[in-house]
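Residue numbers (UniProt numbering): 1 to 93.
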């Protein structure tokens, strides 16, 4: 979402007070992001994109820009095709 909003790691990291290096770890799944920092990052992304998301129950439904949705759907379809191939191989065992 950061890339889709056009923000660099430095731009997103400095506002909630984390280092770009730590943000990179969060993005790569090497560290778990604390809920408070996640909410701060989501607030910044909402400012730039108008996107809605987070842990608050009273928020509007989650929305993503079309480019992000297209990328996600393409990736999921590729994964789906790979999983089908794996299932076919296992079924033949």
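Note that CB positions come from ideal geometry on N, CA and C, so glycine has one too.
Query                                                                                                                                                                   : Result
Can you give the Cα-Cα distance for residue 74 and residue 10, rounded to whole angstroms?                                                                              : 28 Å
Does residue 45 pass the burial test, meaning 16 or more other C-beta atoms within 10 Å, or should it be called exposed?                                                : buried
Is it buried or exposed for residue 7, if we count other Cβ within 10 angstroms and need 16 for buried?                                                                 : buried
Is DSSP giving residue 85 helix, strand or coil here?                                                                                                                   : helix
In chain order, what residues of the same chain have a beta carbon less than 7 Å from the beta carbon of residue 23, not counting five sequence neighbours either side? : 9, 12 and 13
Output the distance between the C-alpha atoms of residue 27 and residue 67, rounded to the nearest integer angstrom.                                                    : 19 Å
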